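All remarks here apply to the structure that follows.
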Amino acid sequence: MATTSVSLKTTLSDLVDASVQVGSREERRADLIAALQTTRLVPAVVVPGIEHQAAAAIVQAALPTVEYQRCTLQRRIDEHLFLDVPARTGVRILACWDDGSHRIRMHCAEIGASGLWDRIAVHFTWWEMSGRPVPVLDRPNGLAS
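Taken in order, the sequence shown gives residues 719 to 863; the numbers are from my numbering.
Spelled out as structure tokens, the structure:
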């Protein structure tokens, strides 16, 4: 009977620890997004492919810890977020249609360890050169594109 109590107590303790980790992960994610939204945007290279419907799967195939989400802010402005919550690194891209030049312009904000935007750009370039294959993933990214 004592063994059962210890096992139950350990299980409850593990459950509490897991729920604290989930809560803190969501808090870290929210903090990452808030920091990205206040970080100065700078002009960025246009990366074809991040507008693709399967962008979340494409990103996750190469960068499994990176979450992706897309949001239309205005009719001609889309926001793309790439979040690596465990690494506390994130990239925010504003993709804006420029009527004058008839093309997309991108602006980037990056926080945390630098290099995430470079890895994303390299991956989408490779993806584009490989014929734009859409990966099939065993598990969802958790965020819709």
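Glycine included, every Cβ here is placed at the ideal spot set by N, Cα and C. Being a predicted model, the structure only gives us computed values, none of them experimental.
Nearest-angstrom beta carbon gap, residue j and residue i [assumed within contact, 8 Å]
i	j	result
V803	R747	5 Å
A774	Y786	4 Å
Which of helix, strand or coil DSSP assigns to residue i
i	result
T757	coil
Q771	coil
H820	coil
G860	Summary for G860: the model assigns pLDDT 44, below 50, so the residue's position carries little reliability; its value from the coordinates is reported in the next sentence. Coil at G860, not helix or strand.
R837	helix
A805	coil
M847	helix
L781	coil
S832	coil
Distance between residue j and residue i (C-alpha atoms, nearest Å)
i	j	result
T721	A805	Low per-residue confidence applies at T721: pLDDT is 49, beneath 50, and the placement is therefore not dependable enough to give any value.
I768	L812	11 Å
H825	A831	18 Å
A753	H770	25 Å
G849	T843	10 Å
I822	C814	6 Å
V854	G818	38 Å
Beta-carbon spacing of residue i, residue j below 9 Å
i	j	result
R837	T757	no
C789	L781	no
I751	L791	no
I795	V852	no
A839	V760	no
W835	A762	yes
Strand pairing of residue i, partner residues [DSSP]
i	result
A827	R810
I795	Q792 and C814
F800	Y786 and V809
A762	M824
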